[in-house]
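Take a look at the structure below.
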Amino acid sequence: MSSAMRKFAEIVDDLGLVDLPLQGGEFTWNAGQNNQAWARLDRFLVSPSWIDQFSGINQCRLPRPVSDHFPITLVGVGGIRRGPTPFRFENMWLKVEGFKDLVHSWWQGIEPCSRWNSGIGRKVRILTVEETELKKEAKENYRKWVIMEETHWRQLSREIWLKEGDRNTGFFHRMASAHRRNNSLERIKINGEWLLEEQEIREGIANAFQNMLSEDMGWKADIGRLQFDQISQQEAENLERPFTEDEIHVALMEMNGDKAPGPDGFTMAFWQSCWEFIKEEILEMFKDFYEHSSFLKSLNNTFLV
Numbered sequence: 002m003s004s005a006m007r008k009f010a011e012i013v014d015d016l017g018l019v020d021l022p023l024q025g026g027e028f029t030w031n032a033g034q035n036n037q038a039w040a041r042l043d044r045f046l047v048s049p050s051w052i053d054q055f056s057g058i059n060q061c062r063l064p065r066p067v068s069d070h071f072p073i074t075l076v077g078v079g080g081i082r083r084g085p086t087p088f089r090f091e092n093m094w095l096k097v098e099g100f101k102d103l104v105h106s107w108w109q110g111i112e113p114c115s116r117w118n119s120g121i122g123r124k125v126r127i128l129t130v131e132e133t134e135l136k137k138e139a140k141e142n143y144r145k146w147v148i149m150e151e152t153h154w155r156q157l158s159r160e161i162w163l164k165e166g167d168r169n170t171g172f173f174h175r176m177a178s179a180h181r182r183n184n185s186l187e188r189i190k191i192n193g194e195w196l197l198e199e200q201e202i203r204e205g206i207a208n209a210f211q212n213m214l215s216e217d218m219g220w221k222a223d224i225g226r227l228q229f230d231q232i233s234q235q236e237a238e239n240l241e242r243p244f245t246e247d248e249i250h251v252a253l254m255e256m257n258g259d260k261a262p263g264p265d266g267f268t269m270a271f272w273q274s275c276w277e278f279i280k281e282e283i284l285e286m287f288k289d290f291y292e293h294s295s296f297l298k299s300l301n302n303t304f305l306v
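In this note's numbering, the protein residues as written are 2 to 306.
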């Protein structure tokens, strides 16, 4: 990398600028003998605050009429309609005083406030005249909300290698915005054919996964003559013992609380934080599986696309 290129990269990094995804090709310049030289010279660089105002925007390379540079323009990304947004548990709720008590009451069958989430901001943020004089308390409340915001954007960004508390809220926010742009689907190539219309994309994806996950009845491997290592009788009996509360709890706590939730919307952080009053139902589920060797099919549901 030349000194000029290194300086350019440093300026982009210092200003926190984002290079939007480019559609229509990887390069924006083409020249040389027999047009064999290609490079990415032209681009739009935008700030995170600009992305907040104009989300869903990408760069698009246009046909090159005369110049050795391809013109590029900004285009809106419509994507595919996904229907109503499913429920998503926000890990930042766990940091709000009284939230776990509310969940506990709901878990025990007491009906909670139906509009808790819509009113939580007003409940925590609004200060009385007397409270405004309590500067220390106000600062503490502000600090809590900063942590909650960081937790929220960390959960959306999926960047689990940065530890919570590193004050990377801006980074998490940009990563979440980038994930939204990358997840926007305008077309897809299946079996060498580009699908553009929404309905054919839906059907193409469903058929592709159905073919991939269906069993091929035409051929099966013959493993009858293969020799495998065998476990001892004691090891076999240990594998068939009932699940204990300790091993279930240890396995749960080893999971990452920020990982993407399943269709039910609850993250691992929810189950970890509320273990004390939800464990009976979880243990009962494991017991039922042990005794009947079956479980609800919905437990295997997940998001494939």
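Think of the CB as a built atom: it goes at the ideal place given N, C-alpha and C, for glycine as much as any other residue.
C-beta contact flag for residue i and residue j at 7 Å
| i | j | result |
| --- | --- | --- |
| residue 29 | residue 21 | no |
| residue 266 | residue 90 | yes |
| residue 26 | residue 62 | yes |
| residue 268 | residue 36 | no |
| residue 207 | residue 191 | no |
| residue 69 | residue 38 | no |
| residue 205 | residue 214 | no |
| residue 108 | residue 249 | no |
With 16 other Cβ atoms within 10 Å as the buried cut-off, status of residue i
| i | result |
| --- | --- |
| residue 301 | exposed |
| residue 254 | exposed |
| residue 52 | buried |
| residue 60 | buried |
| residue 118 | Residue confidence is low: residue 118 scores 45 on pLDDT, short of 50, so the model does not pin down where it sits. No coordinate-derived value is stated. |
| residue 217 | exposed |
| residue 23 | buried |
| residue 2 | exposed |
| residue 149 | buried |
| residue 222 | exposed |
| residue 67 | exposed |
| residue 104 | buried |
| residue 224 | exposed |
| residue 202 | buried |
| residue 259 | buried |
| residue 5 | exposed |
| residue 252 | exposed |
| residue 40 | exposed |
| residue 128 | Only weak support is given to the placement of residue 128: the predicted model assigns it a pLDDT of 48, under 50, and the value that follows is read from those uncertain coordinates. Exposed, because fewer than 16 other Cβ atoms sit within 10 Å of the Cβ of residue 128. |
| residue 270 | buried |
| residue 232 | exposed |
| residue 9 | exposed |
| residue 71 | buried |
Counterpart residues of residue i in DSSP-defined beta bridges
| i | result |
| --- | --- |
| residue 189 | 196 |
| residue 75 | 60 |
| residue 70 | 30 |
Selected residue, minimal CA-CA separation from residue i, among the options
| i | options | result |
| --- | --- | --- |
| residue 285 | 243, 256 and 274 | 243 |
| residue 256 | 273, 241, 264 and 245 | 273 |
| residue 95 | 145, 109 and 47 | 145 |
| residue 294 | 263, 241 and 88 | 241 |
| residue 87 | 104, 70 and 264 | 264 |
| residue 245 | 47, 288, 54 and 75 | 288 |
| residue 45 | 33, 34, 13 and 69 | 13 |
| residue 18 | 251, 8, 5 and 50 | 50 |
| residue 48 | 226, 15 and 277 | 15 |
| residue 102 | 277, 247, 71 and 281 | 277 |
| residue 247 | 238, 71, 283 and 299 | 283 |
| residue 187 | 7, 11, 54 and 58 | 58 |
| residue 54 | 34, 77 and 73 | 77 |
| residue 275 | 106, 235, 234 and 75 | 106 |
Unbroken alpha helix (DSSP H) runs of length 4 or more, entirely within the stretch 235 to 262: which are they? Entirely contained in the stretch 235 to 262, the alpha helix (DSSP H) runs reaching 4 residues are, in chain order, 246 to 254.
In chain order, each alpha helix (DSSP H) run of at least 4 residues that lies wholly inside the stretch 3 to 61: 4 to 16 and 49 to 54
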